[in-house]
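In this note's numbering, the protein residues as written are 3 to 435. From the three backbone atoms N, C-alpha and C, an ideal C-beta is built for every residue, glycine too.
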């Protein structure tokens, strides 16, 4: 996630059953997809002998993520602030227009807004506000670095706690518990120092959650020895480690396939090849001068540079506008007009041709129009399942920026929905251009 989106802060990625992103995702996300079983202020709890390392939750703390994805309609940066008015927070609808609000939730915003009719709206853990919810993940592995314990340990071993105690491990005179945003923002004028903090946060995740992983008789250290002894060719080991990183468990029968497995394996194979050549003296130094990080990790186009200057105040709830029904300047426009994007696809429908039964399926007319006019990726049990249910809200998308598919489903790509003709009364067809 951090490489694909060029981010340090965790992004808001989990949708509710209506396909919207609760603002209270700052308090925790991942319960619907099985990636988390506790809210962030409760997750990654320290063991009893390390409880004193954890950060304490301050309900008056305010913080806002410094980075966020920039795809069209992307939710705003995660943020936390006191719930003074008691109203709670709403949910972000990626299809709403942002023109009346000035499209100022973050730099580069082209659409999306908070639907005021959704206030209050809960995340998957039932939270309807963001008070005290400043503990989202940060660093090289943001999803795995959330919680008061993970950030508290960074502060204890390398931050102000170590500095005040006079321990040799002290490296930064900054209190990460009082200012968790400093992990991504950095406390120094030296960008190398700031980047080091983000990297060390990732190293802490790797040491504790990956190298220390032991579950159901599967031990990372033992399996690593087996992998090396077999000549670094056991793909099962890499798949299991990728699953631990992205889904927090190694067993495919329990947590499904790793996220972006093919791309991860390709990069890993290149690294192993470099090590192997170095050991045998066959490494061409010139061949390795181009950094690996410049290679594209995902098969989709690279994300735009994230916002470094998001709003510095709690997001206002804008005046409600109905979803867009005209073409906007985005990389995935929503339109009910004919499109040349898929010239071989079936005719596109105008909103007036949608039957009431489809409207009751839970999709807005704009979302349905988008699914009928553009190919999407869907979480389904089979390709036929994706085609049969993609016009209903029960079929979630797995496009770039969406959360991983639930256990038992897979991501089927490039599916263009079609509306069964027997469900349409006098449809108005628009010829393809």
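In the DSSP assignment, the alpha helix (DSSP H) including residue i goes from what residue to what residue?
i, result
"residue 255", "254-257"
"residue 243", "237-249"
"residue 94", "From DSSP, residue 94 is part of no alpha helix (DSSP H) but of the beta strand (DSSP E) over 93-95."
"residue 263", "263-282"
"residue 151", "150-160"
"residue 201", "193-207"
"residue 223", "222-231"
"residue 389", "385-391"
"residue 210", "Segment: none, residue 210 is in no alpha helix (DSSP H) and carries neither H nor E."
"residue 186", "184-187"
"residue 367", "367-375"
For residue i, does the count of other Cβ atoms within 10 angstroms reach 16, so buried, or fall short, so exposed?
i, result
"residue 246", "buried"
"residue 56", "buried"
"residue 41", "buried"
"residue 87", "exposed"
"residue 280", "exposed"
"residue 178", "buried"
"residue 70", "buried"
"residue 273", "exposed"
"residue 368", "buried"
"residue 17", "buried"
"residue 28", "buried"
"residue 19", "exposed"
"residue 89", "exposed"
"residue 72", "buried"
"residue 4", "buried"
"residue 31", "buried"
"residue 65", "buried"
"residue 161", "buried"
"residue 120", "buried"
"residue 249", "buried"
"residue 91", "buried"
"residue 194", "exposed"
"residue 169", "exposed"
"residue 258", "buried"
"residue 371", "buried"
"residue 80", "buried"
Does the distance from the CB of residue i to the CB of residue j come in under 9 Å?
i, j, result
"residue 378", "residue 417", "yes"
"residue 47", "residue 216", "no"
"residue 114", "residue 74", "yes"
"residue 131", "residue 122", "yes"
"residue 186", "residue 11", "yes"
"residue 192", "residue 220", "no"
"residue 33", "residue 127", "yes"
"residue 93", "residue 25", "yes"
"residue 188", "residue 196", "yes"
"residue 400", "residue 413", "yes"
"residue 137", "residue 235", "no"
"residue 52", "residue 155", "yes"
Looking only at its chain, what residues have a beta carbon closer than 6 Å to the beta carbon of residue i, apart from the 5 residues adjacent to it on each side?
i, result
"residue 15", "405"
"residue 211", "146"
"residue 383", "411"
"residue 76", "none"
"residue 207", "143, 146, 147"
"residue 365", "395"
"residue 96", "75, 114"
"residue 153", "57, 178, 182"
"residue 157", "163, 178, 179"
"residue 172", "164, 165"
"residue 398", "381"
"residue 129", "26, 29"
"residue 407", "381, 400, 413"
"residue 403", "71, 73"
Keeping to the same chain, check which residues put their C-beta closer than 8 Å to that of residue i; ignore five residues upstream and five downstream.
i, result
"residue 239", "225, 226, 228, 229"
"residue 389", "417, 419, 420"
"residue 270", "240"
Residue i lies in the beta strand (DSSP E); which residues open and close that run?
i, result
"residue 108", "That residue, residue 108, is in no beta strand (DSSP E); it is neither H nor E in DSSP."
"residue 115", "115-117"
"residue 382", "378-382"
"residue 414", "412-417"
Is residue i close to chain C, meaning its C-beta is less than 9 Å from at least one C-beta of that chain?
i, result
"residue 25", "Although the question refers to chain C, the structure presented lacks it and comprises just one protein chain."
Identify, in the order they occur along the chain, each residue of the same chain with its Cβ nearer than 7 Å to the Cβ of residue i, setting aside the five sequence neighbours on each side.
i, result
"residue 241", "260, 263"
"residue 84", "61, 62, 133"
"residue 244", "260, 263, 266"
"residue 362", "Low local confidence applies: a pLDDT of 45 at residue 362 is under 50, so the model's placement there is unreliable, with the coordinate-based value given in what follows. Closer than 7 Å at Cβ, skipping near neighbours: no residue."
"residue 175", "162, 165"
Inset, instruction - Mind the definition here: the region 140-152 touches the region 193-207 only if three or more C-beta pairs lie below 8 Å; say whether that holds. - result: Look at the beta carbons and you see the region 140-152 touching the region 193-207: at least three pairs across the two are nearer than 8 Å.
Inset, instruction - Examine the Cβ distances between the region 99-114 and the region 206-226 and report whether three or more of them are shorter than 8 Å. - result: Touching, no.
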